[in-house]
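Asker: If you scroll down you'll find the structure; I have some questions about it.
2 protein chains.
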Amino acid sequence: MQKMNNKNKIFIDKLRSSGLRPTKQRVEITRFLFNRKKTFHFTVEALKNSMNLKRSNKISTATFYNTVHALKSAGYLKEFSLENNTSCYDTNITSHHHFFDNGRVIDIKSDKITFQKLPEAPKGKKIKNVEVVIRLENNN
Amino acid sequence: MQKMNNKNKIFIDKLRSSGLRPTKQRVEITRFLFNRKKTFHFTVEALKNSMNLKRSNKISTATFYNTVHALKSAGYLKEFSLENNTSCYDTNITSHHHFFDNGRVIDIKSDKITFQKLPEAPKGKKIKNVEVVIRLENNN
DNA sequence: TAACTACTTTATAATTATTCTAAAGTACGT
DNA sequence: ACGTACTTTAGAATAATTATAAAGTAGTTA
Ligand SMILES: [Mn+2]
Ligand SMILES: [Mn+2]
Ligand SMILES: [Zn+2]
Ligand SMILES: [Zn+2]
Numbered sequence: 000m001q002k003m004n005n006k007n008k009i010f011i012d013k014l015r016s017s018g019l020r021p022t023k024q025r026v027e028i029t030r031f032l033f034n035r036k037k038t039f040h041f042t043v044e045a046l047k048n049s050m051n052l053k054r055s056n057k058i059s060t061a062t063f064y065n066t067v068h069a070l071k072s073a074g075y076l077k078e079f080s081l082e083n084n085t086s087c088y089d090t091n092i093t094s095h096h097h098f099f100d101n102g103r104v105i106d107i108k109s110d111k112i113t114f115q116k117l118p119e120a121p122k123g124k125k126i127k128n129v130e131v132v133i134r135l136e137n138n139n
Numbered sequence: 000m001q002k003m004n005n006k007n008k009i010f011i012d013k014l015r016s017s018g019l020r021p022t023k024q025r026v027e028i029t030r031f032l033f034n035r036k037k038t039f040h041f042t043v044e045a046l047k048n049s050m051n052l053k054r055s056n057k058i059s060t061a062t063f064y065n066t067v068h069a070l071k072s073a074g075y076l077k078e079f080s081l082e083n084n085t086s087c088y089d090t091n092i093t094s095h096h097h098f099f100d101n102g103r104v105i106d107i108k109s110d111k112i113t114f115q116k117l118p119e120a121p122k123g124k125k126i127k128n129v130e131v132v133i134r135l136e137n138n139n
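Residue numbers (numbering that gives the first Met the number 0), protein chains in the order written: chain A, 0 to 139; chain B, 0 to 139.
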């Protein structure tokens, strides 16, 4: 029943390839997440509050979680933990690093950090990925 | 009432300098944490289960949380988030890095990782610390 | 030592993020 | 339009953590 207009094609495709039918709610969520120029970092609660604020017909918590999880499983989102033990999702799925600045998360492109020395993986293991967090504080 | 035997002096001192009276429960917890050769990484729940398993008079959850928080505030423990969004505490308070190996956490000494290139902090900010997580997977 | 007071421990309730459940609603192929 | 499978949703359940308040304990003082 979703109108397959060009404006939404890219979002509908993301949903389909995540194994989800492109319902009204899911397309809105997906457009909200990916219809932007810059990387977006968000918690599910913040996403829900932000999207539902302006809506009369609120989208349910479960739909937010389900949609975000499916997009993450399909590889359209990355997930990591914030310092308050909540999940932060990231529309930048490339391998990259982060500044943590008092709850604010800022991307660091992968090529901005290079290593002179890295340890080897323990016996029987190999390195899956390397992620750097640079914590910031105010000057002075 | 706590016997000030030499065996416990070091733990009692940690508690005192964390602003806590060295009660029986607190000394036991502190000794359990620090009376070991190698770095210890733990969640509060795991610590509680581990210590209470062998005890008839269980120490309460609140006492575990309170003691760990005080030791952390005093700088005797470091805290970071695991991938399942729970707090992991670390008896190694030096600046260092970690392997994450399927829920297992392994220290990487600071000098095992050096950088060739690091980004500058954004305007008005400075770098507080840099922490690397190397995620592992099995070979093959 | 007895009493006083402040600090602790503990059981339990509350909170928060997240996941689960089941019922009512909707979409899609026929 | 019909039937079935997938969705949405409200609300319950869960897990980690924090808060509350009553009962216990320790250090200090008389
Ligand atoms: Mn949680
Ligand atoms: Mn939590
Ligand atoms: Zn990012
Ligand atoms: Zn460590």
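Cβ atoms here follow ideal geometry from the backbone N, Cα and C, with glycine treated the same way.
Would you verify that the beta carbon of residue 13(B) is, or is not, closer than 8 Å to some beta carbon of chain A?
Answerer: no
Asker: Taking any Cβ of chain B, which residues in the stretch 74–94 of chain A have a Cβ under 9 Å from it, in chain order?
Answerer: If the cut-off is 9 Å between Cβ atoms, the stretch 74–94 of chain A has 78, 79, 80, 81, 82, 83, 84, 85 and 86 near chain B.
Asker: Which of the three DSSP states is assigned to residue 20(A) in this structure?
Answerer: coil
Asker: From residue 62(A) to residue 36(B), what does the alpha carbon distance come to, in whole angstroms?
Answerer: 48 Å
Asker: If contact is defined by three or more beta carbon pairs under 8 Å, each pair taking one atom from either stretch, is the stretch 94–106 of chain B in contact with the stretch 71–88 of chain A?
Answerer: Judged by Cβ distances under 8 Å, the stretch 71–88 of chain A makes no contact with the stretch 94–106 of chain B, as fewer than three pairs qualify.
Asker: Please return the same chain residues whose Cβ sits closer than 6 Å to the Cβ of residue 71(B), not counting the five positions on each side in sequence.
Answerer: 78
Asker: Check this for me: beta carbons of residue 88(A) and residue 33(A), under 8 Å apart or not?
Answerer: no
Asker: Helix, strand or coil for residue 55(B) per DSSP?
Answerer: coil
Asker: Measuring CA to CA, which of 80(B), 51(B), 54(B) and 64(B) is closest to residue 43(B)?
Answerer: 64(B)
Asker: Assuming residue 112(A) and residue 125(B) are in contact, meaning their beta carbons sit under 8 Å apart, how far apart are those beta carbons, in whole angstroms?
Answerer: Incorrect: roughly 17 Å between the Cβ atoms, too far for contact.
Asker: Is DSSP giving residue 135(B) helix, strand or coil here?
Answerer: When secondary structure is reduced to three states using DSSP, residue 135(B) falls in the strand class.
Asker: Thinking C-alpha only, which one of 47(A), 120(A) and 93(A) is nearest residue 157(A)?
Answerer: Absent from the model: residue 157(A). The displayed extent of chain A is 0 to 139, so no value can be given.
Asker: Residue 128(B): beta carbon under 7 Å from a heavy atom of ligand 4?
Answerer: no
Asker: With a CB to CB cut of under 7 Å and the five nearest residues on each side skipped, what residues in its chain are close to residue 94(B)?
Answerer: 109 and 128
Asker: Out of 38(A), 137(A), 122(A) and 114(A), state which residue places its alpha-carbon closest to the alpha-carbon of residue 139(B).
Answerer: 122(A)
Asker: According to the Cβ coordinates, are residue 90(A) and residue 76(A) closer than 8 Å?
Answerer: yes
Asker: In terms of residues, what are the limits of the alpha helix (DSSP H) holding residue 202(B)?
Answerer: Residue 202(B) lies beyond the range of chain B shown here (0 to 139); nothing can be said about it.
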